[in-house]
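Residue numbers (full-length UniProt numbering), protein chains in the order written: chain X, 1 to 98; chain A, 1 to 98; chain C, 1 to 98; chain W, 1 to 98; chain Y, 1 to 98; chain B, 1 to 98; chain H, 1 to 98; chain S, 1 to 98; chain Z, 1 to 98; chain E, 1 to 98.
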């Protein structure tokens, strides 16, 4: 099943730049792993904001919850999740690659 | 470029069922065409709501606007558009097929 | 998996009382069936409002969407869905009967 | 009588991990006790958020208020309470166990 | 137990003045009865709005729900209910008469 | 004239417990005095929240403003005031004692 | 005492222009009378909207409520009232004429 | 031209009382000067809040912006500005003195 | 002085297409005239919505209000106006042509 | 293509004035460069707020995102972006110079 998430990152404005860079590196690695395992189907930056829309394919809410809690930057994020069903007009459930 | 849209449909509750079915058939055809032309990359139903999230790949705001205005049910829809940029953690800009 | 829904009913104030009663009778039957099949785990009235909170146990978003669309009063309802995961402090995932 | 609560936890992002773990352990114990006493009928995690929906069965607002104030993490929580009545379509007031 | 309700009335602007007067007369009678039975402890007009704040003393959510549904103008009202507990600073739970 | 106020208290989560207890003791004394002088007609706790609804009977906005500013915890409070008029359905302007 | 009101007018878009003109003429007369009696101290149009901010000087909420209900267009208006106190920095309570 | 402003003051709760008193004294002087120069036509306290509604008469947005930025407490204020036009029902554009 | 307006158009969904086309033709003419007179400096379509952002250069609120009220579709529009001042970083007050 | 942005700046109230002045100087330089390169077509101050509306002309969301992230004060800003299309009533897509 697919889920759409909007994630807003709220770092303290006085965070040490190295600490921030470290968080971002860990996040990138974690995110790549989710993509390689076919769990995170897409992630996009919301233009102008420190936020993303991302799409997840999981079979279970508990699995999804543990994926979110595993994000290295989870405690700085505000996450809103929308469950998605197949749309009657969709030619395929997943996005079509370019 | 990609854009995320959330579209909420507000039909009058007293709309004739045949009129509604006709609108939906036209909408399905229009939507299929956008998918076949590679413009609409995905469309999902928001669970529980007469609403969708959909993803568009166009080069230009005027083209996108004319696509939205072309939806047969446009006058019954409330559309909110979010411009999307490539995310630094994304392995690819587009969603990955199953 | 469990989902919490809040459903608000918006009948036109000039709806014929018999039509309304008929809708409500159909809704009651549909709702009882969902409960008997173990899909709807609970439904409560929000005090003071023509609204409910209800809990669903389904394996799949498409199944859940077709359940919502099957409600006889669906076109008069505003539905908001929240996916629920097991809470680390819960002794059991489901509610405990009295 | 039943009450639905949504509780959002807002820990300071710089809270010492041991302090946090201690709060969570106390909370878990408190929560288990409420469940064992038949007061807290259910508690679920809102997917993606440090938040829960939980259901309480108490006879009295003062009792409910003292239960909320007793949560070890109460001062970090934002709580919204909705009083629930029996729904005319409900086969039973309480949730049905699995 | 006490509950605070805010009720907003939304009559259609083209309602026949006699129909409206009839609704209001029924409402007044119903409201007086609730006051005489000690259920409605207070009702005030929100200045400038067709709305009230009112206070109810009932033992049970089902009783409260049936009281609200009994209001002759119920289908034209938007009702929001807040459960009230005794305040530690209150000299008495109820309002003090003049 | 009556006014309804909703007051939300926002203490810093790291406030010293003795400082907090001292504030609360002062607040209780101040609040008792207002009740004894017939100014504060009622105060209730909003269940689950560090908030109250309270009712004031004063002749003048300047007097009311100075009452609010006199609350020992005023700088930690968010106050919203609603002016109340006599309701045509009210048997008496004030709440009825138990 | 002074009160600030924001009033938004919501006429049906299909109202007969003569009916509308008649309402507006009555409203103008009523408004002039309130100004001549020193009750309405000011009224301004919110630029771009069919709305006003207006200032009232009355001794009593019941009087203010009956003034609002007396507006010929009252049932088409959404009114929000804010009680105003003397500001410590104000050289005079009332506005200064040009 | 007239403008209505709502200004909310947000002082840190741990501000030194002398620093606060100094800010308030400067603000009072600044405000008196604006009133004496005929720029600030009125200022009122919103009852219960550390906020004001105030009315300005200036010929130009740049002048108004520099007036706002000149407030000694500007960086602690949240300001919302509404442009006001003459109302067709107003007997005079300005408020009438008592 | 410049003002930014956001205008949302809300036509009834059952408006006769010829009536709508006539409104739109009148609106286009009115809008062209405002542009030719140097009053409307820009107008853009909000992508996906029947709405625009537009920029006005007028000396006076009364003039601006009469411009808005002159829009043939005014009664179907929801207009929100923001006064704009010169920005310290702007090389020129007006937009720069391509 | 054009984009409208609203940017709100949230500096900590205890920021060192020299640090702030340095940020503002860098921002001004960055902003001037964007204007000279024809990317930022306009920037205006929202009267009364530490906020701007600005207009950007870029061909691509990734370019726009990197422009926003390049603002020296980016981490203190809350940015909301609206994609703009040509309006059918516009005599030209861009604003007209004075």
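Don't be surprised by glycine CBs; every beta carbon is placed ideally from N, CA and C. Please read all numbers here as calculations on a predicted model, not as lab measurements.
{"Check": "Proximal chain S residues relative to residue 35/H, where beta-carbon distance stays under 9 Å", "Outcome": "89, 90, 91, 92 and 96"}
{"Check": "For residue 83/E, the three-state DSSP class (helix, strand or coil)", "Outcome": "strand"}
{"Check": "Sequence ranges, alpha helix (DSSP H) only - wholly within the stretch 16-71 of chain W, length at least 4", "Outcome": "17-36 and 61-70"}
{"Check": "Alpha carbon of residue 89/H to alpha carbon of residue 11/B, nearest angstrom", "Outcome": "28 Å"}
{"Check": "Under 8 Å by beta carbon: chain E residues contacting residue 53/Z", "Outcome": "4, 82 and 84"}
{"Check": "Own chain partners of residue 38/H with C-beta closer than 7 Å, once the 5 adjacent residues on each side are dropped", "Outcome": "57"}
{"Check": "Stretch pair the stretch 70-89 of chain A + the stretch 47-57 of chain X: three plus CB contacts closer than 8 Å", "Outcome": "yes"}
{"Check": "Cβ-Cβ separation, residue 54/X to residue 42/X (assumed contact under 8 Å), whole Å", "Outcome": "6 Å"}
{"Check": "For residue 11/A, three-class secondary structure by DSSP", "Outcome": "coil"}
{"Check": "DSSP bridge partner residues for residue 73/H (one or two, in chain order)", "Outcome": "Partner(s): none; residue 73/H has no beta bridge."}
{"Check": "Neighbouring residues, chain Y, relative to residue 70/C (Cβ below 9 Å)", "Outcome": "Ordered by position in chain Y, no residue passes the 9 Å Cβ test against residue 70/C, which lies about 25 Å from the chain."}
{"Check": "CB contact below 8 Å: residue 75/C versus chain W", "Outcome": "no"}
{"Check": "Simplified DSSP assignment, three categories, for residue 4/X", "Outcome": "strand"}
{"Check": "Assigned secondary structure, residue 78/B (DSSP; H/G/I helix, E/B strand, else coil)", "Outcome": "strand"}
{"Check": "Proximal residues to residue 93/W (C-beta, below 6 Å), its chain only, five neighbours per side dropped", "Outcome": "86"}
{"Check": "Alpha-carbon spacing of residue 73/A relative to residue 34/B, whole angstroms", "Outcome": "60 Å"}
{"Check": "Under 7 Å (Cβ pairs) to chain B, residues found in the stretch 5-19 of chain W", "Outcome": "5 and 12"}
{"Check": "Buried versus exposed call for residue 36/E [16 or more other C-beta atoms within 10 Å across all chains shown]", "Outcome": "exposed"}
{"Check": "Cβ shell of residue 52/B (< 7 Å), same chain only, five flanking positions each side left out", "Outcome": "7, 43, 44, 45 and 46"}
{"Check": "Within chain Z, partners of residue 32/E - CB distance below 8 Å", "Outcome": "89 and 91"}
{"Check": "Status (buried if at least 16 other CB within 10 Å, exposed otherwise) for residue 65/W", "Outcome": "buried"}
{"Check": "Local Cβ density within 10 Å of residue 25/H, reported as buried at 16 or more and exposed below that", "Outcome": "exposed"}
{"Check": "From 14/S, 59/S and 2/S, residue whose alpha carbon lies closest to that of residue 75/B", "Outcome": "14/S"}
{"Check": "CB of residue 77/S within 8 Å of CB of residue 19/S, strictly", "Outcome": "no"}
{"Check": "Integer-rounded CB distance, given that residue 1/Y should sit under 8 Å from residue 62/Y", "Outcome": "The Cβ separation is near 13 Å, so there is no contact."}
{"Check": "Proximal chain W residues relative to residue 49/B, where beta-carbon distance stays under 9 Å", "Outcome": "68, 78, 79, 80 and 81"}
{"Check": "Beta carbon proximity, residue 26/E to chain D, threshold 8 Å", "Outcome": "Reference to chain D is not applicable here, since the protein chains of this structure are X, A, C, W, Y, B, H, S, Z and E."}
{"Check": "Among 27/X, 17/X and 3/X, the one whose alpha carbon lies nearest that of residue 71/X", "Outcome": "27/X"}
{"Check": "Straight-line Cα distance separating residue 23/E from residue 68/B", "Outcome": "40 Å"}
{"Check": "Separation of residue 3/C from residue 5/W, as counted between CA atoms", "Outcome": "15 Å"}
{"Check": "Whole-angstrom distance between residue 40/Z and residue 40/A, CA atom to CA atom", "Outcome": "35 Å"}
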